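Residue 277 is where the sequence shown ends in my numbering, and the numbering goes up by one at each step.
Read the structure below first, then the notes.
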Amino acid sequence: MQLTRRRIIALAIELIEADGVEAVSMQRLATELGCGVISLYNYVPSKSALLDGVADQVMSAIEVIPSPQAGWEERLKAQAMAFRKIASTHPRCAIVAVSRRPTSAGLVRPAETALATLQEAGFGGQEAVRIVRAFLAYIMGSLVRDAGVAPGLADDPEADFEFGLELLVQAIAARARHGQQILCTQP
91 MQLTRRRIIA LAIELIEADG VEAVSMQRLA TELGCGVISL YNYVPSKSAL
141 LDGVADQVMS AIEVIPSPQA GWEERLKAQA MAFRKIASTH PRCAIVAVSR
191 RPTSAGLVRP AETALATLQE AGFGGQEAVR IVRAFLAYIM GSLVRDAGVA
241 PGLADDPEAD FEFGLELLVQ AIAARARHGQ QILCTQP
């Protein structure tokens, strides 16, 4: 089979999900692909570039198709649920993605979409960024809980996630209605 960037990144995703990001090396990829390490560098110039590719591939798979007449609250929920779906499918790669500096359209697009939705609702730039960070923390925390780190807390992880998501959106909507800042102090 021909060596391609897509094939290298696909294998990296498999290895990260199976063994963690620490287990992925250019040498291991070359061995698994049956090629020399130097050949990989024609497609990915470094391990950092490889991880950027993994993050881009995973985040590019996020699909949000809200109803055209949906309000910002429903669009925000749809965006959160789409990210959670990808993060549930590729939990270790999602951690890689959220820990990387955004260097590609695939990584930037979900954040830009969420920020645009929040700005449409009347939130300023810094406030919108903080809200996106709160959503990200909530989603990643729910995945940790779902993975069994805090067993016994939930019988229905999906229902619990949707309940918490609704609470977050209601709190944000209340702030938007009252024109209040999320944080009282400014940097």
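Just so it is clear, CB atoms sit at the ideal spot from N, CA and C, and this is done for glycine as well.
Fair warning: this is a prediction, and the values are worked out from it, not measured in the lab.
In the assembly as shown, residue 113 is an exposed residue. Its beta-carbon has fewer than 16 other beta-carbons within 10 Å. Excluding the 5 residues flanking it on each side, residue 134 has same chain C-beta neighbours closer than 7 Å at 95, 98, 140, 143, in chain order. By the criterion of at least three beta-carbon pairs nearer than 8 Å, the region 224 to 236 is in contact with the region 249 to 268. The beta carbon of residue 212 sits closer than 6 Å to those of 266, all from its chain and outside the five residues before and after it, given in chain order. Here DSSP, grouped into helix, strand and coil, assigns residue 131 to coil. Assignment of residue 93 by DSSP, reduced to helix, strand and coil, places it in the coil class. Boundaries of the alpha helix (DSSP H) harbouring residue 229: 215 to 236, taken from the DSSP string. A Cβ-Cβ separation of about 6 Å places residue 148 in contact with residue 176 under the 8 Å criterion. Apart from sequence neighbours up to five positions away, the residues of its chain that approach residue 156 with a beta-carbon distance below 7 Å are 164, 165, 168, ordered along the chain.
Residue environment for residue 268: exposed (fewer than 16 other C-beta atoms within 10 angstroms of its C-beta). Check the Cα spacing between residue 180 and each of 107, 102, 93: the tightest is with 107.
Comparing alpha carbon positions, the residue from 228, 262, 236 closest to residue 210 is 262. As the crow flies, the alpha-carbon of residue 215 is around 19 Å from that of residue 191.
Collapsing the DSSP output to three states places residue 250 in a helix.
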